[in-house]
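**Q** At position 287 of the sequence shown the residue is numbered 1432 (the working numbering), and the sequence of numbers has no breaks.
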Amino acid sequence: MRRLGLAFELRAALVRRVPPNPLFDALLLVSLTLLDAACAAAASTAPASSDAVTGATAGAASGATTGATADATAAAATAPTAAAVAADAAGQDALRRGVPVYAVHTVVDQAVRAAASQSRLAPYKGLLNGVLRNFLRGRDELLQQALRSPRGRWNHPGWWVKLLRRAYPEDWQALLGAADEPGPMTLRVNVRRSTPAELLARLRDAGIEARLLGAAGIVLARPCPVQQIPGFEQGLWSVQDAAAQQAAALLAPTAGMRVLDACAAPGGKTAHLLESADIELQALDADAGRLERVAQNLRRLGLDGPHVALRCADAADVDQWWDGRPYDAVLADVPCTASGIVRRHPDIRWLRREADVARTAALQRRIADALWRTVKPGGRLLYATCSIFPQEGSLQAGQFAQRHPDALRLPAPGQLLPLPGQGAASLYDGFYYALFAKKP
Ligand SMILES: C[S@@+](CC[C@H](N)C(=O)[O-])C[C@H]1O[C@@H](n2cnc3c(N)ncnc32)[C@H](O)[C@@H]1O
């Protein structure tokens, strides 16, 4: 995923007509990515190659790195010329980012074998072999050409690059680069069952380096499998990004309030709201399967009970689910393109289409407008998305305020950008928050 843009460009240059076989296409793209990483490792100079080998060990099968070094001869055709230096810098990036590194001949051999092993792929064995060998012969030039295109250079669809460039003329490059760096792992302490200091001490005892962040957050120095962190089954904490942890504090529910969480699944913010105050909470989600995850999470955290009602419903179809009693506080964490969390879900950028932005913004508008009806005069609505596209954030919120003259804009962070700081990945995913109060 982290090199797919480059692989798309290489494929476009090397194969005039891609056979209509998704399995072959996937094999071709993966093979090109691995082959490029193999060439970058083998063609790099001695000190750089030891770096590459170190970087490779996380992802490569043992022996692959030895092969990569031993394969320097095979890669002689791809030895770094001045023209290839920039391309190999990108290749070294791939190594750091965990693209597995195998020997050049191993990649070609295994790719062709994989094609031969499947009846649906076998007819393309020769084509695959030819394409990979053509890549080896023309790598310098092919890479230069691929890196000239926004898709190859930034590993995002071209329309996505254009959109960010327009929205963030200063920061678009940093944003695109950061999307290929993994974000930190952040926990939210369930303050009903523990305290941040207590959990931090337990983590230290378990040898897990971490630090406090905000009121109930703990950032791990290194991501760690959930099962290895003490207290998950006991419901002492949840995994939740620091930007997402701001929702509950912004909505600021207090004891006795009637609260609606309109797009609740999988329930990260639902749980946080329930941890924050003794409220009566209605949680909705249009997806029954995902709503079940809300129930599971609340059970694990000990937050379920008669004060919580879960319902599968379309939040925009208010007449279907609303009993007419207005809410003191409404969380509209609306469905979005998820453009703010691509570092955690690298596939998102390739699954979205440009038209999804306007289509999703229209759905968000429909949901937010409908929910406004359910807010009590004097009550609040928090609009949230994990997107960095202005169509889903600042533009959406501005238009909402114009359509609803009874909406008073309250202070809120607005757009949070996942920009790296001082060499470290951003603590925040990309999020947007707008807070409105209904004029009495
Ligand atoms: C961004 S996610 C919510 C994340 C959640 N608030 C959390 O913190 O864990 C958006 C959710 O909206 C749901 N959804 C999509 N369309 C909806 C609709 N029309 N009404 C209610 N929920 C909807 C999706 O199923 C998805 O679970």
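Glycine included, every Cβ here is placed at the ideal spot set by N, Cα and C. Since we're looking at a predicted model, the values are computed, not measured.
Can you confirm whether the region 1448 to 1467 touches the region 1487 to 1506 when touching is taken to mean that 3 or more C-beta pairs between the two stretches lie within less than 8 Å?
**A** no
**Q** Do Val1371 and Val1384 have their C-beta atoms within less than 8 Å of each other?
**A** For the 8 Å CB-CB criterion, Val1371 and Val1384 form a contact.
**Q** Just mark Ala1260 as buried or exposed, buried being the case when its beta carbon has 16 or more other beta carbons within 10 Å.
**A** buried
**Q** Of all the options Arg1367, Asn1442, Leu1381 and Val1306, which has the alpha carbon lying nearest to the alpha carbon of Ala1342?
**A** Leu1381
**Q** Between Leu1455, Ala1410, Ala1393 and Phe1169, which has its C-alpha nearest Arg1265's C-alpha?
**A** Phe1169
**Q** Alpha carbons only, please: which of Arg1525, Leu1174 and Phe1545 is nearest the one belonging to Lys1584?
**A** Arg1525
**Q** If you run the structure through DSSP and keep just helix, strand and coil, what is Thr1482?
**A** coil
**Q** So what's Pro1558 in DSSP terms, helix, strand or just coil?
**A** strand
**Q** For Leu1179, which of helix, strand or coil comes out of DSSP?
**A** helix
**Q** Do the region 1386 to 1397 and the region 1555 to 1574 touch if we need at least three Cβ pairs shorter than 8 Å?
**A** A contact exists between the region 1386 to 1397 and the region 1555 to 1574.
**Q** Is any non-hydrogen atom of ligand 1 found closer than 7 Å to the C-beta of Gly1469, if you look at the structure I gave you?
**A** False, no ligand heavy atom lies under 7 Å from that Cβ.
**Q** Regarding Cys1481 and ligand 1, is the C-beta to nearest heavy atom distance less than 7 Å?
**A** yes
**Q** Considering only DSSP beta bridges, list what Val1160 is partnered with.
**A** For Val1160, which the question treats as bridged, DSSP gives no partner whatsoever.
**Q** Could you give the distance in angstroms between the alpha-carbon of Ala1346 and the alpha-carbon of Ala1474?
**A** 35 Å
**Q** Could you give the first and the last residue of the continuous beta strand (DSSP E) run that contains Pro1522?
**A** In the DSSP annotation of this structure, the continuous segment of the beta strand (DSSP E) that includes Pro1522 starts and ends at Val1520 to Thr1530.
**Q** Cβ atoms of Pro1563 and Arg1444: under 8 Å apart, would you say?
**A** no
**Q** Strictly by DSSP, which residues pair up with Ala1579?
**A** DSSP output for Ala1579 lists Tyr1528 as bridge partner(s).
**Q** Return helix, strand or coil for Trp1466, following the three-state DSSP convention.
**A** helix
**Q** Does the contact criterion of 3 or more C-beta pairs under 8 Å hold for the region 1244 to 1255 versus the region 1268 to 1278?
**A** Segments in contact, yes.
**Q** Are there any heavy atoms of ligand 1 lying less than 7 Å away from the beta-carbon of Lys1270, as far as the coordinates show?
**A** no
**Q** Determine the DSSP secondary structure at Glu1425, reduced to helix, strand or coil.
**A** Glu1425 carries a strand assignment under DSSP once its states are collapsed to helix, strand and coil.
**Q** Does DSSP put Ala1229 in a helix, a strand or coil?
**A** The pLDDT assigned to Ala1229 is 48, lower than 50, so where the model puts this residue is not dependable; a value taken from the coordinates is nonetheless given after this. Looking at Ala1229 - three-state DSSP - the assignment turns out to be helix.
**Q** Under the rule that 16 or more other beta-carbon atoms within 10 Å means buried, what is Asp1432, buried or exposed?
**A** Exposed: under 16 other Cβ atoms inside 10 Å.
**Q** Beta-carbon separation of Ala1351 and Ala1366 under 8 Å?
**A** no
**Q** Check whether the Cβ atoms of Ser1484 and Phe1545 sit closer than 8 Å, and answer yes or no.
**A** no
**Q** For Ala1231, collect the residues of the same chain with a Cβ closer than 6 Å to its Cβ; drop the 5 residues on either side in sequence, then sort them by chain order.
**A** With a pLDDT of only 48 at Ala1231, under the threshold of 50, the placement of this residue in the model should not be trusted, and no figure is reported.
**Q** Determine the contact status of Leu1419 and Tyr1578, defining contact as a CB-CB distance below 8 Å.
**A** no
**Q** Between the Cα of Met1144 and those of Leu1553, Ala1428 and Ala1569, spot the shortest distance and give me the residue it belongs to.
**A** Not covered by the structure: residue 1144. The range shown for the chain is 1146 to 1585.
**Q** What are the start and end residues of the alpha helix (DSSP H) that includes Asp1253?
**A** Correcting the residue identity first, residue 1253 is Val in this sequence and not Asp. Segment Val1249 to Ala1261, the alpha helix (DSSP H) holding Val1253.
**Q** Assuming the contact rule is C-beta atoms closer than 8 Å, Ala1183 and Ala1248 should be a hit. Round their C-beta distance to whole Å, please.
**A** 6 Å
**Q** Per DSSP, which residues does Gly1362 bridge with? Please list them.
**A** Arg1333 and Leu1358
**Q** By how many angstroms is the C-alpha of Ala1157 removed from the C-alpha of Pro1164?
**A** 12 Å
**Q** If you drop the 5 nearest sequence neighbours on each side, which residues of the same chain put their C-beta closer than 6 Å to that of Ala1360?
**A** Taking C-beta separations shorter than 6 Å and ignoring five residues to either side along the sequence, Ala1360 has no partners in its chain.
**Q** Check Val1453 in the structure and name its three-state DSSP category.
**A** strand
**Q** Please indicate yes or no: does the CB of Leu1429 lie closer than 7 Å to some heavy atom of ligand 1?
**A** yes
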